[in-house]
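In this note's numbering, the protein residues as written are 1110 to 1243.
Read through the structure below, which is laid out as structure tokens, and then see the notes.
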């Protein structure tokens, strides 16, 4: 009896696996989640900005910056790393907002997969019983 439903169940499980694998493999493309625009951090942990060339900037990962609620920037220097906040039209304590985000980073994707799995479990149950509840 289990072999009768194996093709239908395996097709659903394989589809969920392949969609999830594709989402994670796309995130491995260089620059996928690391290219975006810089935004001023209003609160919490942020990074300092280092000018690279022309109008390109990088985040200084060696020194983390903490921004508290009073808009005061507190610099925590890492070992042998000197942090200087970039003075100009760029923020002093920034976070990166990526242009592209992987599907696995969004909770809507997770909820959709969970909803699909529960829905299909109910559909397979009705198919197995032949549509009769009693």
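Glycine residues also receive a C-beta, built at the ideal position from the N, C-alpha and C atoms.
Owing to the predicted nature of the structure, the values given are computational and were not obtained by experimental measurement.
According to DSSP, simplified to helix, strand and coil, what is residue i?
i: residue 1158; result: strand
i: residue 1208; result: coil
i: residue 1202; result: coil
Here's the rule: buried if 16 or more other CB atoms are within 10 angstroms of the residue's CB, otherwise exposed. What is residue i?
i: residue 1156; result: buried
i: residue 1202; result: buried
i: residue 1158; result: buried
Could you give the first and the last residue of the continuous alpha helix (DSSP H) run that contains residue i?
i: residue 1234; result: 1216 to 1238
I'd like the span of the beta strand (DSSP E) that includes residue i, first residue to last.
i: residue 1140; result: Careful: residue 1140 lies outside any beta strand (DSSP E) and carries neither H nor E.
Which residues does DSSP list as the beta-bridge partners of residue i?
i: residue 1165; result: 1162
i: residue 1147; result: 1205
Give me the Cβ distance between residue i and residue j, rounded to the nearest whole Å; I'm assuming they're in contact under 8 Å.
i: residue 1136; j: residue 1239; result: So it is not a contact: roughly 43 Å between Cβ atoms.
i: residue 1144; j: residue 1218; result: Contact flag wrong, Cβ pair sits at about 21 Å.
i: residue 1133; j: residue 1213; result: 6 Å
i: residue 1206; j: residue 1148; result: 5 Å
i: residue 1222; j: residue 1119; result: Their Cβ separation, rounded to whole angstroms, is 17 Å, which puts residue 1222 and residue 1119 out of contact at 8 Å.
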